[in-house]
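Report on the following structure.
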Amino acid sequence: MAFREYVTGFFGNHNVMAPFSRFYRAMVLKMNQHEDEATTSGITDGAIDEQNRVIFINQPQPQKFVNNRISTAKYSVPSFVPLFLFEQFRRYSNCFFLLIALLQQIPDVSPTGRWTTLTPLVLILTVSALKEIVEDYKRHRADEETNRRKVEVLREGAWQLLRWEKLQVGDVCKVYNNQFFPADLVLLASSEPQSIAFIETSNLDGETNLKTRQAQPETARLQHDSELATFRATLQCEPPNRHLYEFNGMLKETNAKTVPMGLEQMLQRGAMLRNTAWALAAVVYTGHETKLMKNSTKAPLKRSSIDRQTNTHILMLFIILIVLSLISAAFNELWLLRRANTDWYIALEGAQNANFGFNFLTFLILYNNLIPISLQVTAEIVRFFQAKFIAMDGEMYHAESDTPAMARTSNLNEELGMVRYVFSDKTGTLTCNVMDFHKCSIAEIAYTKPGPDDRLEDTLLYHNLREHPSAPDIAEFLTMLAVCHTVIPEHQNGKINYHAASPDERALVLGAASYGWVFETRTPTAVTVMARGQRLTYAVLHVIAFTSTRKRMSVVVRAPNGDIKLFCKGADSVIYPRLAGGPDAAPYAAATLEHLSLFAAEGLRTLVFAVADIPEHVYKDWSNTYHKASIAIRDRERKIEEAALLIENNLRLLGATAIEDKLQEGVPETIASLLKANINVWVLTGDKQETAINIAHSARLIHPAMPLLLLNEDSLDGTRECLSRQCAELGDGLRKQNEVALVIDGKTLKYAMGCDLKKDFIDLCVSCKVVVCCRVSPIQKAEVVVDMVSRATGAVTLAIGDGANDVAMIQRASVGIGISGVEGLQAVCASDYSIAQFRFLLRLLLVHGAWNYSRISKLILYSFYKNICLYVIELWFAIYSAWSGQILFERWTIGFYNVIFTALPPFAIGLFDKICSPEIMMRHPVLYVPSQQGLLFNVRVFWVWAVNALLHSVLLFWLPVLLASHHVLWPSGRDGGYLVLGNLVYTYVVATVCLKAGLATHSWTWVTHVSIWGSLALWFVFILIYSNLYPAILIGAVMRGMDRMVFSSLVFWFALLLIPAATLIPDLIITVIHNSAFKTTTEAVRESEIKKRDPAALLAHPRHSLTETARLLQNVRSVFGRRANTRAQMDLELSHGFAFSQEEGASVSQADVIRAYDTSQPRERC
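Each residue of the sequence shown is one higher than the last, beginning at -17 in the working numbering.
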C-alpha cells in the first residue's frame, strides 16, 4: 500500500537440452534430406534445427533430458533456507527486530540487555520454519504418491513395472485401460482395430467426450513383444511447449522411410486411456517438460491481505519510532546542555550518554517493543491450529471417500474470509462427469425415466406403447435412440458395457435400454437391437458426423423391412427448419418446444429427434453425390455439408430428450449462498459453450430472468467493436454489480485480453454478476484469475478445481482449493486447501473464513494495542526522568510481558472467538460481507486501536505517578524508588490489557476466563517467586523483597480496582452506545442469537422489482459477432437447452471408428 493510499484509507526445469555434436547433426541431416514426408509433419526441411529435439526410441539417448519426477512443493532441501529467509524477511517486523538485535550487541547502548530481542527472534523463525516444513512435507508426500505410480516399461527386451519417476525419454511403455498417461507419449500401437485408441482429456481441457487417437500404419504392426524388442527408431520433434493442441514430429525406423507424427498420435500426461485394452507408446516429454506441467506455474509464496496490511502498519510505526527516538535524543541533549554545569553533583560532564548517536540508539532499542515481536509467532501458532480445526470439522468430512478437508497451508486462513471472486472449473468440480437420461418428449407427451425401484410395466411410456395412438411414434423414437449413435457395445459376464466417445450418446443408448430397446452388437455394416423380444438388424449405410457448425448428426440405415430411413438428431434450431411442412405446421412441434423450454429451465441438455423415409432411387442418387463430396480434394467439408443438406430435409418430428449432466451434491444451494454472500462466481471450462451454459442454469448460477451477454467473436476488430458497444450500453452501470451473465469463448478471450482491449474487458466483466468462460486453456484460466481480476481489482480471488488443467489457476489465485476427486492428485497437491466436494466450500468460507478473518484481525490489533499500552509508558517515563533512557520496568518483566503475562488472551481470541454460531453463519450468508469488505482490519481501525492504547498508557502511567508523588503508598510516607513505581504500573497495565481482551471478545467461553484471569494470576505468582530468588539464585537482585513492598500497600490494591476500571470505562461506554444506536447487522444477529430469537427478519431484504429487471433487459442484450439469423438461432438454442458433446476434427472420423469394430466377434477386453 502506497503512503498516499494509506492516508486516503484513514480519512476515507527449463529446457536442459545440450547441443548435438556436428557429426551427429550431419548424419541425421543426410538421413532425412531426401524424405518428402518431412513437409507433412510441420517441419519444413529435413535439417535438424537447434531447437528441435531428436529422440532415440527404445535405445540409450546421446543427451540427458529432464527426469519424469514432478514437484508442486514450495521448497526443496537446498532451497529451503534461502527461500524461507526471503519469505520471513519480506515481513518488515522481522527486518526491524534483526536490526534491533544487532544494535543490542553494541556495548553500553542497550538498556534492556543483549539477548532480549535476538532470543525471541530466533524462536519466532524456528517456529515458522517448523510450520513451513510440516506443511511442505504434506506437499512432498502428495507428490510422491504421483511419482510412485507404476507403469510397464520395455527395458532390455523385457517388460518391467517401474515408477513414473523412473521413466525416461525414448522409453516404450504400455498403458492399460483407465490408466493415466505417465508422460507425453506418441502412440505406436493399440489393442483396438486399426490401432485406434480412445482418450479422455477432461483432466486437461474439461471436455467429457472421448477423443480418438490412431497410430501410424508403420508402427501399428508392433503387437508382439518380439517385434517391440527389436524396434529401433529416431523421432525428431518440436521442443517442449505448452500448446495442448499442437504437436509435430517425424519418426524414422532403421532402413525405413520417415513417418509424420502429429496430434493424432499424441498422448498427453494427465489424459486417461479409455475403452482401449492397452496402448503402446514412446516417451517424448517428461516431468516438467510435459505440456501439462508447461501449463502449470511454479508454486508461489502467497501472503494474505492482512499480512500485507500489517507490513504497512509496521512500517508506519517504525517511522514513528525513529521520530520518537530522534526527539528523545534531542531533548536529552538539550537537558544536558542546560544542566551539565548547574547539576555538577551527578557528574554529567564527559558522560558517554551525552553522545547524540548513542542516545538515539538507546531510545530506539528502548521503544522498539512498540512493534510486538511476539505477533508473528503468535499468529503462526494460531493459524496452525486454525488449520487443524478445518481438518477436524466433521461437517466437511466426506464419508464415502473417507476424505476430510485439509489445510495445506495455514498462512491464508483469514484470506478465506475475504474472497470476492470464486473461479470454478466445471467438469469434476461442479459436475460428477456423469450423463444421465432424465426425460423425453414423444408425440406431445413428456416422460420421465423410470427409477431403479420402478417396474417398467408401471410406467406411462410402457402403457402408452401398448394402447396409445402414439405407440408407433414411441417405438420409432426408441428405435432411433438405439440406432442413431456411434456407441460401441462390449459384452462382459452376460452384461453389456457401452463405450462412447460422446457421453451424451451413451446416456441415450442407456435410456433406450431402460425402456426395453437394447443395443446389442455393432458390425462394420450394421447394428442389432433387441426390442420387445425381437432382435432387429439395421444396416448402417452412412454416418454424417456432428460438428459445432451443423449442430446435428444423422445416420442413414436400412430397416429390417428394407425401407431406408434417415435418423437425424440435433439442436431444435436446425431440426425445426427442416421439418416437412415447416416448423409451424409440423405435428407435435409446438408441444415439443414447450417441453424443451421446461427441460432447459431445469438445466437439462436437450436434443431433438426426427426421421425421414428415403425412397430407394433418391438414396442412390444422393449416395453418389455424397461419395463424390467425401473424396473431393478441395473444399471437401463444404461439399459434404451441401450433400448432407440434400437429404436432411422433409423430416418428421419424433420428439426430444433431456439429459442431466449430474451436478455434485449441494452445488446449486452452495452457489446460491455464495451469491447471497456477495461473492461473484465465474466458471472457467474447456468445454463447449452450450454445455457450460446448461450447467450454469442447473447450478442456479444463471436464472431464467438473467440477461445473457454472449461474446463469440472471430477477430480482434470484432471483439473491440463489441466491447466498446457493450460498455457504452451499460452506461452508469459500468463497474457496478449488475444482474447480468457474461459468456465468452476462449478465442474471443484471447483477443479481449490484448493490451488495448483489456481495460474495456475488465470493466465489462466486473460489471456482471456471473461470468462463464468456455473453451479456455489452463494457462488462460491462470491469466484470467491474475491479470484480469487480481491485478485489476485488487480483490481476493479463489480458484477451485479438481484436474491437472486447474493447477495453474489454483496456484495463481489468492487462495487455491483442490477437490480430491477421481482425476488424480495434482490439483490437490498444488492447492492451499483441499476438500472432497464443492459443497464444502460454503462452510470453508462462511464459517472458517469469516471466523478466522475476525480472529486474526483482533489478534493483530490486540497485539499492537497491548504493546503500545506498555511501551509508550517508557516515553512518559523518559519525560519524567529527564530523558535519561532509563527503563521503568525490570528487564525480565519486559521480556515476559508478551511471552507469559499477556500471551493467553491473543490465543483465546485467535482460536475460540466466534462471530455467530456456525449454523447461523451458514443460514445467513450476508454475515460474510463485513469480513469480505475488510471492515474489521483496515487503516482506520488500526489507528483507532493505536490511539486507544496511547490514551490508556497515559492513564496507566500518570495516575500511579500521581499517587506515588503524594507519598500515600505507605503510611510511613516512603515511595520505594522508581522500580516500585514500575511494578505498580506494570500490574495495572497487565490487568487493563487482559480485561480489554474481554471487551473485544464476542463469545465468552471457559477458555476466555482462563486466559484473562489466569494471565493476571501468573503475574502475581511471578512477582511472589521472583522477589525471593536472590541471593539463592543470582538473578533479580533489584527485585528482592518487591512483593512485600507492593502487596503491603493498601493504595496498590485500591488502585488495582480503580485505575483499570477508570481506563476501560470510556471504552465500555462507547461500546454500549455503538451497540445500541449504531448496531451493525452482525451485531444485531448476534444479539438475536443470544436471546434465542430467529434473526431471519433482520436479514430480510426486498427482491429486485419488475421494473429493475425490465431496465436490465433493455440495457443488456445478447451480442453476436455474426449475422442476425445466427443470433436468433443462438437465442433459440439457449432457451431450449441444446447441448451435445462430441469430438470434432478427430484424426479418425466417427464413421471410420464404428466401421472398424465387429462386436459380434470376441475381442480383447478393456
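By construction, the Cβ of each residue, glycine as well, lies at the ideal position given by its N, Cα and C atoms.
Beta carbon of residue i nearer than 8 angstroms to that of residue j
| i | j | result |
| --- | --- | --- |
| Phe591 | Lys547 | no |
| His577 | Ser680 | no |
| Tyr520 | Ala495 | no |
| Val911 | Val663 | no |
| Tyr608 | His524 | yes |
| Ala809 | Gly831 | no |
| Ile39 | Ala171 | no |
| Thr505 | Ala482 | no |
| Phe820 | Thr411 | yes |
| Asp187 | Asp788 | no |
| Ala253 | Asn185 | yes |
| Thr1045 | Leu937 | yes |
| Val91 | Phe371 | no |
| Leu724 | Val753 | yes |
Residues bridged to residue i (per DSSP)
| i | result |
| --- | --- |
| Tyr158 | Trp260 |
| Val537 | Val525, Phe549 |
| Gln218 | Val36, Met232 |
| Trp664 | Phe405, Val753 |
| Val516 | Looking at the sequence shown, residue 516 is not Val but Gln. Answer is Ala513, bridged to Gln516. |
| Val1157 | In the structure as shown, the chain starts at -17 and stops at 1148, and residue 1157 therefore has no counterpart that could be examined. |
| Ile726 | Leu693, Cys755 |
| Thr1150 | Because the chain spans -17 through 1148 in this model, residue 1150 falls outside it and cannot be assessed. |
| Gly798 | Ala781 |
| Tyr733 | In DSSP, Tyr733 forms no bridge with anything. |
| Lys193 | Ile181 |
| Leu167 | Leu249, Val265 |
| Met254 | Phe162, Glu182 |
Residue range of the alpha helix (DSSP H) that includes residue i
| i | result |
| --- | --- |
| Met298 | 287 to 321 |
| Tyr1027 | The sequence as given places Met at residue 1027; Tyr does not occur at that position. Segment 1024 to 1029, the alpha helix (DSSP H) holding Met1027. |
| Leu352 | From DSSP, Leu352 is part of no alpha helix (DSSP H); its letter is neither H nor E. |
| Ser655 | 649 to 658 |
| Leu105 | 100 to 129 |
| Lys763 | 760 to 765 |
Closer than 7 angstroms: residue i CB and nearest the ligand FMN heavy atom
| i | result |
| --- | --- |
| Thr236 | No copy of the ligand FMN occurs in the structure displayed, which carries no ligand at all. |
Terminal residues of the beta strand (DSSP E) in which residue i lies
| i | result |
| --- | --- |
| Arg145 | 140 to 145 |
| Ile181 | 178 to 182 |
| Tyr608 | First-last for Tyr608: 598 to 612, but that is the alpha helix (DSSP H), not the beta strand (DSSP E). |
| Gly244 | 240 to 244 |
| Leu1011 | Looking at the DSSP string, Leu1011 is not in any beta strand (DSSP E), and its letter there is neither H nor E. |
For residue i, the nearest candidate out of the options (CA to CA)
| i | options | result |
| --- | --- | --- |
| Ile675 | Asn660, Pro199, Leu692 | Leu692 |
| Asn1057 | Ala982, Asp554, Asn337 | Ala982 |
| Val104 | Leu192, Leu780, Leu80, Gly399 | Leu80 |
| Trp833 | Thr1064, Asn660, Pro760, Asp595 | Thr1064 |
| Asp207 | Cys155, Thr194, Cys737 | Cys155 |
| Leu746 | Gly728, Arg717, Val754 | Arg717 |
| Pro1042 | Gly980, Pro569, Gly493 | Gly980 |
| Asp375 | Ile363, Glu362, Ala389 | Ala389 |
| Trp874 | Trp97, Ser110, Ala723, Ser935 | Trp97 |
| Glu147 | Arg251, Asn191, Cys77, Pro221 | Arg251 |
*Within the chosen definition, does the region 1021 to 1030 reach the region 907 to 927 through at least 3 CB pairs nearer than 8 angstroms?*
no
*asked:* Under 8 angstroms: do the region 174 to 185 and the region 250 to 266 share three or more Cβ pairs, one atom per stretch?
replied: yes
_Three-pair Cβ contact test at 8 angstroms for the region 636 to 645 versus the region 456 to 474_ = yes
*Do the region 792 to 799 and the region 760 to 772 meet, that is, are 3 or more Cβ pairs less than 8 angstroms apart?*
yes
*Does the region 716 to 733 come close enough to the region 746 to 762 to have 3 or more Cβ pairs within less than 8 angstroms?*
yes
*Would you check if there are 3 or more beta carbon pairs closer than 8 angstroms linking the region 45 to 60 to the region 125 to 136?*
yes
_Sufficient close CB pairs (3 or more, under 8 angstroms) joining the region 192 to 210 to the region 265 to 285_ = no
*For the region 354 to 362 against the region 231 to 248, are there 3 or more C-beta pairs whose distance is under 8 angstroms?*
no
*asked:* Below 8 angstroms, how does it come out for the region 1005 to 1024 and the region 855 to 870: are there three or more Cβ pairs, yes or no?
replied: no
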